[in-house]
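Going by the working numbering, the residue at position 99 of the sequence shown is 99; the numbering climbs one at a time, nothing skipped.
Cβ coordinates follow ideal geometry from the N, Cα and C atoms, glycine included.
Predicted model only: the values in this text are computed from it and were never measured.
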Amino acid sequence: MVPRRHVTIVMHHFHEKGSILKKVLLLGVPNVGKSTIFSRLIINKVSLRTYPGTAVEVRRGDLRVNGEDVEIIDIPGVCNLYFNEDNERVARNILIDEAPDLVVQVCDAKNLKRSLVLTALLAEFNIPMILALNMVDEAAQKGIKVKRHKLEQMLGTPVIETIAAEGVGIPSLISALHTAVTPTFASRLPAHLAATVTHLAELSADTPRTVWEKRALALFAIAGDHATSTWALQKSGLENNPVACQALLDAQQSFHRHLGLLVSRSESLWAEALYAESVYATHVTSTPLLNRIGDLTLTPVTGTLTLLALIFALYLIVGKFAAGIVVDLLSDDFFGGIVAPWLKIVVAGIPYGFVRDMIIGEYGFYTMAVVPVFGLLLPILTVFFFTFGCIEDSGYIPRLSILLDRLFRKVGLNGKAVLPMVLGFSCVTMATISTRVLDNKRERFIAIFLLSLGIPCSAKLSVILAIMAQISFTAFLFVFGIVFSLTIATGIILNKMMPCEASNFIMEVPPIRIPSIKNVLVKTSYRSVLFLKEAVPLFVISAFGLFIAQRVGLLTIIETLFAPLISGFLGLPPQFAESLIMGFIRGEAGVAILKKMADAGTMNHAQLVVAMIVTILFIPCVTNFMLIIKEQGSQRAMAIITAVTTTAIITGGAVNYFIRWAHLTF
Numbered sequence: 001m002v003p004r005r006h007v008t009i010v011m012h013h014f015h016e017k018g019s020i021l022k023k024v025l026l027l028g029v030p031n032v033g034k035s036t037i038f039s040r041l042i043i044n045k046v047s048l049r050t051y052p053g054t055a056v057e058v059r060r061g062d063l064r065v066n067g068e069d070v071e072i073i074d075i076p077g078v079c080n081l082y083f084n085e086d087n088e089r090v091a092r093n094i095l096i097d098e099a100p101d102l103v104v105q106v107c108d109a110k111n112l113k114r115s116l117v118l119t120a121l122l123a124e125f126n127i128p129m130i131l132a133l134n135m136v137d138e139a140a141q142k143g144i145k146v147k148r149h150k151l152e153q154m155l156g157t158p159v160i161e162t163i164a165a166e167g168v169g170i171p172s173l174i175s176a177l178h179t180a181v182t183p184t185f186a187s188r189l190p191a192h193l194a195a196t197v198t199h200l201a202e203l204s205a206d207t208p209r210t211v212w213e214k215r216a217l218a219l220f221a222i223a224g225d226h227a228t229s230t231w232a233l234q235k236s237g238l239e240n241n242p243v244a245c246q247a248l249l250d251a252q253q254s255f256h257r258h259l260g261l262l263v264s265r266s267e268s269l270w271a272e273a274l275y276a277e278s279v280y281a282t283h284v285t286s287t288p289l290l291n292r293i294g295d296l297t298l299t300p301v302t303g304t305l306t307l308l309a310l311i312f313a314l315y316l317i318v319g320k321f322a323a324g325i326v327v328d329l330l331s332d333d334f335f336g337g338i339v340a341p342w343l344k345i346v347v348a349g350i351p352y353g354f355v356r357d358m359i360i361g362e363y364g365f366y367t368m369a370v371v372p373v374f375g376l377l378l379p380i381l382t383v384f385f386f387t388f389g390c391i392e393d394s395g396y397i398p399r400l401s402i403l404l405d406r407l408f409r410k411v412g413l414n415g416k417a418v419l420p421m422v423l424g425f426s427c428v429t430m431a432t433i434s435t436r437v438l439d440n441k442r443e444r445f446i447a448i449f450l451l452s453l454g455i456p457c458s459a460k461l462s463v464i465l466a467i468m469a470q471i472s473f474t475a476f477l478f479v480f481g482i483v484f485s486l487t488i489a490t491g492i493i494l495n496k497m498m499p500c501e502a503s504n505f506i507m508e509v510p511p512i513r514i515p516s517i518k519n520v521l522v523k524t525s526y527r528s529v530l531f532l533k534e535a536v537p538l539f540v541i542s543a544f545g546l547f548i549a550q551r552v553g554l555l556t557i558i559e560t561l562f563a564p565l566i567s568g569f570l571g572l573p574p575q576f577a578e579s580l581i582m583g584f585i586r587g588e589a590g591v592a593i594l595k596k597m598a599d600a601g602t603m604n605h606a607q608l609v610v611a612m613i614v615t616i617l618f619i620p621c622v623t624n625f626m627l628i629i630k631e632q633g634s635q636r637a638m639a640i641i642t643a644v645t646t647t648a649i650i651t652g653g654a655v656n657y658f659i660r661w662a663h664l665t666f
């Protein structure tokens, strides 16, 4: 295989402007390996930013070709460009506003028909493109064969077979970039509709756009929903053009159906014709072991056992290994045994006691920021991110969605909501954003409520697992059994209070794969660096705030004020108030204080169990709180926060009294 960094290609002038290739857009339906191909293509300058006005993340990177940087743009998967959802809107804006020189559409070879509908849409635009047939190895395992040359001949553009996870076909894909041409497969649009598209494109001739951009805008104006059509007319300068408006009206009156349905139908027929001529099935004599394992994860019994086994493995890996061996090595041996004595010697030379305490005192920067971040949270989170990345990369998450679909329907959701819930174990804030994939406002409200109530983010979960590992697996089961039961009961109540017909759930199931260590390491390093960028400044600010509050006696006032609730009702030490306050500022800051209290023996095992339950159920951090206001409005957000806080306190108090009454020990 040719190393990517040494690929040299002599670029040809194929773009209609006569310019050398400068910008390539990766498109594809979800779960086709597009981001993996992006990672294989780029060599430097990777940036990840949300597109303005949306929560959609756009990745950009450079591919060095013949001494020139070619920008590669990767956006989340889209199935259609005519609707006005965030992903589709971002894809349209990049297509029209940035005018990429070509599109590389990534397809799943084992489910090609679904991707060919998007191919037909792009071909209607007449944009230069390349088709990347990814996961051809998995298609072959299922007996699916694609006649690449036949598809290439019919479509009129290069078709490259790839196995992105292994880097197979990437050099061929890079070499094909300069050969991309406009598709030549004949359009199936009705004649009158095709003439209207051409007419609208000609009317926008005064705008400085390429021919394919004008045609794309014409199709968006005809087939898009109201918002998309209005946007396209504005972009093409035709919103006030009487001739264009009359052409649209004439086209609509010529057919009994909405024009968008006609265009979609013609593209579906186009895709079916391509598929019928280029794909055939062969007999599979044996089922690979991984496929059998994948099938077992979908059945109720073996699927449930698999889920329980993964939870137990997570407990051992994160709770026992990361929080036990790794944290002890860093926190106690390195920071406690090596760094702290040396730092005390250095700080002892400072003549001001205030400064010495601020650096290395009980609430100093070293004690409250450096050690918690680098000695506790970073090692635990890194191991958690790696483990979670392996689960993601294996293709297990969509199977979990199908397995839990029946359970989620009892709480007014469906299997699609599993994705935000699973993402919540990484970052509740991003999970709240991802609830936009759900079908209606009711489902989004229920999902956000349950995320705020019973889903701890990776930072919280990692440290909670670390604390639980110090107690027992019985305590772990007790805590998460209470939280899980309460979350399900809350969802059932919300479902009864907000009755509505359940929405449809369709999920494509990828094959079970052996995780790519390279991909998992890339995800782990990115998430760990992102955590450091966000956490370090907040921990420093929080440490300084706690230090000042302690010096002026504010912490004592807060602890005294909440003592009847915390010490009386919850049965916890007054210092637990510090954990709740810091947890609202930043979730991991709160559990870091709790871990410190656990290590110091401030609480017994029963108190730790109560503290864990309250910590998990307590209101999310301020960042997520502000996002809930944005997503649901201030009134609904305050209702969620009030209900969650009340539930956390009442549940914690009830568990406290139950443990005392039953004389439970952990």
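Boundaries of the alpha helix (DSSP H) around D97: 86-97.
Between F658 and H605, the beta carbon gap of about 15 Å keeps them out of contact (Cβ cut-off 8 Å). The stretch 464-472 and the stretch 439-447 do not touch, with fewer than three beta-carbon pairs separated by less than 8 Å. Between the beta-carbon of R59 and that of F83 there is about 22 Å, and that puts the pair past the 8 Å contact cut. For P128, the number of other beta carbons within 10 angstroms of its own is at least 16, and it is reported as buried.
Taking the Cα positions, A648 is about 10 Å away from L486. For D101, the three-state secondary structure derived from DSSP is coil. Scanning the stretch 385-454 from its first residue to its last, the whole alpha helix (DSSP H) runs of 4-plus residues come out as 396-403, 405-410, 418-424, 428-434, 441-454. In this chain, the beta strand (DSSP E) harbouring M129 covers 129-134. Ranked by Cα distance from L248, the options H199, F539, T210, M358 are led by H199. Of the candidates A99, D97, D108, D108 places its Cα closest to the Cα of G77. DSSP, reduced to helix, strand and coil, places D333 within a helical segment of the structure shown. K110 is the residue among K110, S115, N134, P158 whose C-alpha sits nearest the C-alpha of I144.
Just so you know, the alpha carbons of G349 and K518 end up roughly 47 Å apart.
Straight-line spacing of the CA atoms in V347 and G545 works out to 21 Å. By the C-beta density criterion, A662 is exposed, having fewer than 16 other C-beta atoms within 10 angstroms.
The beta carbon of V168 sits closer than 7 Å to the beta carbons of T162 from its chain, once the five residues preceding and following it are set aside; these are given in chain order. Just so you know, the alpha carbons of N656 and V479 end up roughly 12 Å apart. For F476, same chain residues with a beta-carbon under 7 Å away, outside a window of 5 residues either side, are Y315, M468 in chain order.
In the three-state DSSP reduction, D62 falls in the strand class (E or B). For K34, the enclosing alpha helix (DSSP H) stretches over residues 34-41. Residue environment: K214 is assigned as buried (16 or more neighbouring CB atoms within 10 Å of its CB, all protein chains considered).
Following the DSSP letters along the chain, one finds K235 inside the alpha helix (DSSP H) bounded by residues 226-235. Note on C457: 16 or more other CB atoms within 10 angstroms of its CB, so buried under the neighbour-count rule. Secondary structure at A348: coil, using DSSP grouped into helix, strand and coil. Within the stretch 619-646, the runs of alpha helix (DSSP H) at least 4 residues long that lie entirely inside it are, in chain order, 622-632.
Beta-bridge partners of I72 (DSSP): V24, G61. Shortest Cα-Cα distance from V428 to any of I455, F125, R660, L419 involves I455.
As the crow flies, the alpha-carbon of I541 is around 22 Å from that of K344. Residues of the same chain with a CB within less than 7 Å of the CB of I566, apart from the 5 flanking positions on each side, are L572, P574, F576, A577 in chain order.
Contact between V371 and V536 does not hold, since their C-beta atoms are separated by about 13 Å, which reaches or exceeds 8 Å. An exposed status is given to M497, since fewer than 16 other beta-carbon atoms sit within 10 Å of its beta-carbon.
One alpha carbon belongs to T299, the other to T306, and they sit about 10 Å apart. The alpha carbon of A227 has as its nearest neighbour, out of E88, L561, R660, the alpha carbon of E88. In this structure, A281 lies away from L116, with their beta-carbon atoms at least 8 Å apart. Spanning the alpha carbons of L664 and V610 requires a straight line of approximately 12 Å.
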